[in-house]
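Report on the structure given below.
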């Protein structure tokens with residue numbers, strides 16, 4: 001069975017499945033930005049993520065996932081977008097008419113950038129023909145496109161922080177931390193802005209405490 005800490009989820013019925021040493025940190029940050037109470041269920045890789053109970057939540061046997069009432073959402077970018085819509089009072093999604101950059105960069109980080117980074121992490125170097133097939137082309141291209149985007153504005157989707165910044169910022173943070181992309185001056189300044197947010201600090205403290213147990 002799961003090991004978790006029960007939160008005050010009576011109003012929202014919101015449950016968060018995670019491991020503090022995973023992409024679950026992205027969803028935790030987003031949950032803290034939303035500010036709604038939630039129940040945290042911490043799963044270990046070797047056992048709980050592969051049980052029938054959790055596979056009923058996410059058949060991939062991966063984290064993060066959330067259950068909101070009778071709805072289940074997996075995948076970090078989807079969780080960020082869902083929570084922004086489910087809790088509109090938090091102001092984490094632009095108005096529908098202003099979501100072009102919001103969707104563009106949210107899915108750029110979840111799609112082309114992550115694919116390019118994973119190829120590098122696994123030691124795969126696409127040849128010229130393969131680059132034509134791949135949506136990201138190659139890692140240097142994908143990283144430089146994102147670098148130029150964050151260099152021209154404080155927040156990735158316009159003049160205010162949004163759920164897209166959670167996912168894009170977390171991705172840049174992970175990839176620069178492990179040397180998978182260069183920590184350029186634009187990336188460093190963007191991360192400084194993000195890491196000063198109270199919700200980011202709270203989320204990091206919660207996950208660091210969970211990782212230490």
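In the UniProt record's numbering, the protein residues as written are 1 to 213.
From the three backbone atoms N, C-alpha and C, an ideal C-beta is built for every residue, glycine too.
Sorted by chain position, which residues of the same chain lie with C-beta nearer than 7 Å to residue i's C-beta, five sequence neighbours on each side aside?
i, result
"residue 102", "93, 94, 157, 162 and 164"
"residue 200", "29 and 194"
"residue 107", "77"
"residue 142", "112, 113, 116 and 136"
"residue 85", "93"
"residue 27", "16, 18, 64, 66, 76 and 79"
"residue 154", "193"
Should residue i be labelled buried (16 or more other beta-carbon atoms within 10 Å of its own) or exposed?
i, result
"residue 68", "buried"
"residue 40", "buried"
"residue 76", "buried"
"residue 207", "buried"
"residue 87", "buried"
"residue 47", "exposed"
"residue 83", "buried"
"residue 49", "buried"
"residue 56", "exposed"
"residue 178", "exposed"
Are residue i and residue j touching if we call contact CB-CB under 7 Å?
i, j, result
"residue 20", "residue 151", "no"
"residue 80", "residue 136", "no"
"residue 175", "residue 181", "yes"
"residue 18", "residue 64", "yes"
"residue 32", "residue 202", "yes"
"residue 90", "residue 34", "yes"
From residue i to residue j, what distance separates their C-alpha atoms?
i, j, result
"residue 23", "residue 44", "13 Å"
"residue 114", "residue 121", "10 Å"
"residue 58", "residue 71", "12 Å"
"residue 66", "residue 171", "19 Å"
"residue 140", "residue 74", "28 Å"
"residue 198", "residue 205", "11 Å"
"residue 54", "residue 25", "18 Å"
"residue 196", "residue 129", "42 Å"
"residue 13", "residue 97", "30 Å"
Could you name the residues of the same chain whose beta carbon sits closer than 8 Å to that of residue i, not counting the 5 residues immediately before and after it, in chain order?
i, result
"residue 105", "146, 149, 156, 157, 164 and 168"
"residue 213", "none"
For chain D, find out if any of its Cβ atoms is closer than 7 Å to the Cβ of residue i; answer yes or no.
i, result
"residue 126", "This model lacks chain D altogether; it includes just one protein chain."
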